[in-house]
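A short worksheet on the structure shown next.
4 protein chains.
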Amino acid sequence: MTKTRRTESETVRREQILNAARKVLDTKGYDATTVSDIVKEAGVAQGTFYLYFESKKDAVMELGRQVMGEMTRRLTAAQRSDATFEEQLRLVLRTGFQVADQNADLCRLMHVGEESAGRKIKQAVGVAENPFMLSMVAMFRSAIERGETFMCDPEVAVRLLHRMVGGALQEAHLYGDKEDTKCIAETMEELVVRAFVKR
Amino acid sequence: MTKTRRTESETVRREQILNAARKVLDTKGYDATTVSDIVKEAGVAQGTFYLYFESKKDAVMELGRQVMGEMTRRLTAAQRSDATFEEQLRLVLRTGFQVADQNADLCRLMHVGEESAGRKIKQAVGVAENPFMLSMVAMFRSAIERGETFMCDPEVAVRLLHRMVGGALQEAHLYGDKEDTKCIAETMEELVVRAFVKR
Amino acid sequence: MTKTRRTESETVRREQILNAARKVLDTKGYDATTVSDIVKEAGVAQGTFYLYFESKKDAVMELGRQVMGEMTRRLTAAQRSDATFEEQLRLVLRTGFQVADQNADLCRLMHVGEESAGRKIKQAVGVAENPFMLSMVAMFRSAIERGETFMCDPEVAVRLLHRMVGGALQEAHLYGDKEDTKCIAETMEELVVRAFVKR
Amino acid sequence: MTKTRRTESETVRREQILNAARKVLDTKGYDATTVSDIVKEAGVAQGTFYLYFESKKDAVMELGRQVMGEMTRRLTAAQRSDATFEEQLRLVLRTGFQVADQNADLCRLMHVGEESAGRKIKQAVGVAENPFMLSMVAMFRSAIERGETFMCDPEVAVRLLHRMVGGALQEAHLYGDKEDTKCIAETMEELVVRAFVKR
DNA sequence: GATGAATGAGTTTTCATTCAT
DNA sequence: TATGAATGAAAACTCATTCAT
Chain X
1 MTKTRRTESE TVRREQILNA ARKVLDTKGY DATTVSDIVK EAGVAQGTFY LYFESKKDAV
61 MELGRQVMGE MTRRLTAAQR SDATFEEQLR LVLRTGFQVA DQNADLCRLM HVGEESAGRK
121 IKQAVGVAEN PFMLSMVAMF RSAIERGETF MCDPEVAVRL LHRMVGGALQ EAHLYGDKED
181 TKCIAETMEE LVVRAFVKR
Chain W
200 MTKTRRTESE TVRREQILNA ARKVLDTKGY DATTVSDIVK EAGVAQGTFY LYFESKKDAV
260 MELGRQVMGE MTRRLTAAQR SDATFEEQLR LVLRTGFQVA DQNADLCRLM HVGEESAGRK
320 IKQAVGVAEN PFMLSMVAMF RSAIERGETF MCDPEVAVRL LHRMVGGALQ EAHLYGDKED
380 TKCIAETMEE LVVRAFVKR
Chain G
399 MTKTRRTESE TVRREQILNA ARKVLDTKGY DATTVSDIVK EAGVAQGTFY LYFESKKDAV
459 MELGRQVMGE MTRRLTAAQR SDATFEEQLR LVLRTGFQVA DQNADLCRLM HVGEESAGRK
519 IKQAVGVAEN PFMLSMVAMF RSAIERGETF MCDPEVAVRL LHRMVGGALQ EAHLYGDKED
579 TKCIAETMEE LVVRAFVKR
Chain Z
598 MTKTRRTESE TVRREQILNA ARKVLDTKGY DATTVSDIVK EAGVAQGTFY LYFESKKDAV
658 MELGRQVMGE MTRRLTAAQR SDATFEEQLR LVLRTGFQVA DQNADLCRLM HVGEESAGRK
718 IKQAVGVAEN PFMLSMVAMF RSAIERGETF MCDPEVAVRL LHRMVGGALQ EAHLYGDKED
778 TKCIAETMEE LVVRAFVKR
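For the protein sequence lines, the chains are X, W, G and Z, in the order given. Start counting the first sequence at 1; every next residue gets the next number (my numbering). Start counting the second sequence at 200; every next residue gets the next number (my numbering). Start counting the third sequence at 399; every next residue gets the next number (my numbering). Start counting the fourth sequence at 598; every next residue gets the next number (my numbering).
What follows is the structure, encoded as structure tokens:
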């Protein structure tokens, strides 16, 4: 009747629950996922969940932040200021696809923009305050100055790029197999470069 | 005490409920919307809903089908076989944005790819069996033959185009005001043409 | 598995649930009583409770209002302006005890003043806005003018009388049997008259 | 990370927890108070509570016993057998109000007669086995013999007096400010003397 | 057809209590 | 002794769906 009581470090336990949440969310989507599902998957008691998270939404927002954080970290590490706009753009796309490959499940949640709960999540991963988005805007601005891209509002451009790539990632991971994903990534990169880089 | 019993034709009553559903779904999203909300908005009884729809999901799927149908109808009407690929592409984009403007609410539901219910909806308006998507694939195929676009898998291209435009529509309608929407539409059209049309 | 669906008038169903609540509250007290207990006793489904009441507290407050209403109705009916203060006082006490006899269970809840939920209930049955309490204050005021009672703040006097009688009612119904109750009522009447009536 | 382990004598630790419990119970009432609240206030760990008390109820009952003990101690110390009944009565009332002033919080719990937990508490401080109540009964008995009060069942008289005073204390401490409390105490004393003392 | 009261399984959340450390 | 993470039973409340009228 009683499960063995495991006492792991707080961080480990958090991660254990988050991983379980990730797995279930991947299978069932945000709304169909219950806290009960998550704790069953994690192998902990119902109450334990609430020891680490205030609510289901809280946990999902944490997951969202994790992915964006990972993305930002990787991009920051890879950025080279002497690269051309095209090189920078390709780097962003590749890094994005790489992180997405490793977080396929979460990517599906990243663009939840239609559901009430999704809006809240969206805010947490929001656009304006997002350091990654801001650095992208800066990248576009200097590209416009240097004439490496066509004239446009850099913020609108970044928002569209974000959506385009996000859409492609979803398409790749929702419907595609491994091979398909690669093809989509390559096609996407080509399309984006054609769309944004002035030659 | 009791509401007047209206005896309208079956189709009218269906439409009445669907319009109510559309309005509520727009405001609250799929999961937060209750059947109770819908019937209250429609001014009919709880049970009446189930005379016209098998379930909540059924009604929402019907809404999805409506928009796609509208889109297909408009595009078919507008298509001219003697137009260039670029002209065709621009037409598709403009029509898409037009329909989306008139169905802003539903557009939010159309790209729900991550929600449980969303998947079901998705299937109903799915890609492979979708006549609109198929005609787009044909359009790309002949553009490749005529050398009006660069070499690629036409199906992948259509899927990506669909996602890119869908993403832009979401961005436009979720966050943008009227002015913003116009700017996004124009920028998007330019980007897509640059991305797909070989000049 | 399924219970027969009864469709009674709204008022009847409300009363059915309130009676069940009364019975369970009597046995288990406010906090130990669950909505689940109440619906089981009433023989209706969990959800049905929430069709008629917003919450457990809401239902209990309704019960409180019922008793106070009954008390006020009876006292108003019995009041005669030509009676002496002593006669009026005795009438109030007797009526109070009578109503209490018929609502023994609820009387226990009437003085719930210590529990958080109780405070809310208290407010609903509160002192200042209570027409019965106000008419009592008026009664005391004119008795002071006519010299039929000793000088005091009439509001304080009424609050104390209310508590004293309430306490006696509780004592009578919590611990007493039938005989005991009668004895307590008589003793109480004597004490109150001695305490308040100047001779 | 871990709190300093304090090694105080068992009694000190008990008192520390009881004081915390008293403070929290005062603010939130029995049911709204959680063991977690108490230990947080006391600055000890969750488990420590259960080293000193069997349950939440156990701790609250202990508090109840403390107040009654204090009351009995004070009254016994103050009692002078050569005093008249009126003097004795006034002493009891004043002492009662004094102890109550110093234990305002607990007084709210003492007359919880309707709450589940309250009943248990009640039993612990119950009437029949209570030395204080017994000495009061004796006081009344000899007053009757000496003709200092009117004829009545002394036990019923004590129970009613207890309730009357208890009710007044509640009224005073639940709703009254400092000034109000004094006024209530004085009015109450006057009323009780009029009610019980034959002149 | 139309109604809307009734249903009850399912959800989130709380918290007294336990026990490995 | 002391700790506090973990437990899980139980609570309040929701809502898609049914069905007697």
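For glycine and all other residues, C-beta sits at the position ideal for the given N, C-alpha and C. The structure presented is a predicted model; accordingly, all values stated were derived computationally and were not measured.
Check your understanding: Which residue comes first and which comes last in the alpha helix (DSSP H) that contains Ala138/X?
Key -> Pro131 to Glu145
Practice item. In angstroms with no decimal places, state the Cα-to-Cα distance between Thr630/Z and Arg557/G. Key: The alpha-carbon atoms of Thr630/Z and Arg557/G are separated by roughly 29 angstroms.
Point to revise | Distance CB(Ala577/Z)-CB(Phe682/Z) smaller than 9 angstroms | key: Only positions 598 to 796 of chain Z appear in this structure, which leaves residue 577/Z out of reach.
Exercise for review: Kindly list, in the order they appear in chain Z, the residues whose Cβ is closer than 7 angstroms to that of Arg557/G.
Suggested key: Glu768
Exercise for review: Could you work out which residue in Phe339/W, Thr247/W, Met260/W and Glu214/W is closest to Ser280/W when comparing CA atoms only?
Suggested key: Phe339/W
**Study point:** For Val396/W and Leu288/W, believed in contact at Cβ under 8 angstroms, the rounded distance
**Key:** 7 angstroms
Practice item. Sort Glu651/Z, Glu607/Z, Glu752/Z and Lys779/Z by Cα distance to Met733/Z and report the nearest one. Key: Glu752/Z
Point to revise | Contacts that Val458/G makes with chain Z (C-beta to C-beta distance below 9 angstroms) | key: Per Cβ cutoff of 9 angstroms: no residues; Val458/G is ~11 angstroms from chain Z at best.
Check your understanding: Name the chain G residues that come within less than 8 angstroms of Val664/Z, Cβ to Cβ?
Key -> In chain order: nothing, as chain G lies at least about 14 angstroms away.
Review point. DSSP three-state call for Ile234/W: helix, strand or coil?
Key: Here the sequence assigns Val to residue 234/W, which means Ile is not the residue at that position. It is helical.
Check your understanding: Hey, is the region 263-272 of chain W in contact with the region 290-300 of chain W, meaning 3+ C-beta pairs nearer than 8 angstroms?
Key -> yes
**Study point:** Alpha carbon of Val44/X to alpha carbon of Arg420/G, nearest angstrom
**Key:** Straight-line Cα distance between these residues: approximately 40 angstroms.
Practice item. Compare the C-beta of Glu787/Z against all C-beta atoms of chain G and say whether one is closer than 9 angstroms. Key: yes
Exercise for review: Return helix, strand or coil for Thr681/Z, following the three-state DSSP convention.
Suggested key: coil
Check your understanding: Does any CB atom of chain G fall closer than 9 angstroms to the CB of Phe747/Z?
Key -> yes
Check your understanding: Between the C-alpha atoms of Met387/W and Ala172/X, what's the straight-line distance to the nearest angstrom?
Key -> 21 angstroms
Review point. Expressed to the nearest angstrom, what Euclidean distance is found between the alpha-carbon atoms of Asp623/Z and Arg411/G?
Key: 38 angstroms
**Study point:** Residues of its chain near Leu559/G, where Cβ-Cβ distance is below 6 angstroms and the 5 sequence neighbours each way are ignored
**Key:** none
Review point. Is Ala481/G near Leu788/Z, with beta carbons less than 9 angstroms apart?
Key: The answer is no: Cβ separation not under 9 angstroms.
Review point. When we look at the beta-carbon of Glu385/W and count the other beta-carbons within 10 Å, is it buried (16 or more) or exposed?
Key: exposed
Review point. Where do the ends of the alpha helix (DSSP H) carrying Tyr229/W lie?
Key: Counting along the chain, Tyr229/W falls outside any alpha helix (DSSP H), and DSSP gives it neither H nor E.
Review point. Between which two residues does the alpha helix (DSSP H) carrying Arg671/Z extend?
Key: Lys653 to Ala675
Check your understanding: Met350/W: buried (16+ other C-beta within 10 angstroms of its C-beta) or exposed?
Key -> exposed
Check your understanding: Just curious, the alpha helix (DSSP H) that Glu745/Z is in, first and last residue?
Key -> Taken as a continuous stretch (DSSP letters only), Glu745/Z belongs to no alpha helix (DSSP H), as it is neither H nor E.
Check your understanding: Apart from the five residues on each side of it in sequence, which residues of its chain come closer than 7 angstroms, Cβ to Cβ, to Asn616/Z?
Key -> none
Check your understanding: Helix, strand or coil: which one does DSSP assign to Val595/G?
Key -> strand
Review point. Should Asp153/X be flagged as near chain W, meaning a C-beta pair shorter than 9 angstroms?
Key: Yes, contact with chain W.
Exercise for review: Taking C-beta pairs closer than 7 angstroms, name the residues in chain W that Val156/X reaches, listed in chain order.
Suggested key: Under the 7 angstroms cutoff, chain W gives Cys382, Ile383 and Thr386.
Check your understanding: So Thr294/W and Leu274/W are in contact, right, with Cβ under 8 angstroms, and what is the actual spacing, rounded?
Key -> Thr294/W to Leu274/W, Cβ: 6 angstroms. Contact.
Practice item. Taking only beta-carbon positions, decide if Ala593/G is within less than 9 angstroms of chain Z. Key: Taking 9 angstroms as the threshold, the shortest C-beta distance from Ala593/G to chain Z falls below it.
Point to revise | Chain-ordered neighbours of Gly565/G on chain Z, where CB pairs are closer than 7 angstroms | key: Arg760, Met761, Gly763 and Gly764
Review point. According to DSSP, is Val410/G helix, strand or coil?
Key: helix
**Study point:** Environment of Tyr448/G [buried if 16+ CB atoms lie within 10 Å]
**Key:** Exposed.
Practice item. Please list, in chain order, all residues of the same chain as Gln521/G whose beta carbon is under 6 angstroms from its beta carbon, the five residues on each side excluded. Key: Its pLDDT being 47, under 50, Gln521/G is placed unreliably in this model, and the value from its coordinates should be taken loosely. None.
Practice item. Examine chain W for any beta-carbon lying closer than 9 angstroms to the beta-carbon of Asp180/X, and answer yes or no. Key: yes
Exercise for review: Under 7 angstroms Cβ to Cβ from Ile38/X, same chain only, skipping five residues before and after it: list those, please.
Suggested key: Ile17, Ala20, Ala21, Val24 and Phe49, listed in sequence order.
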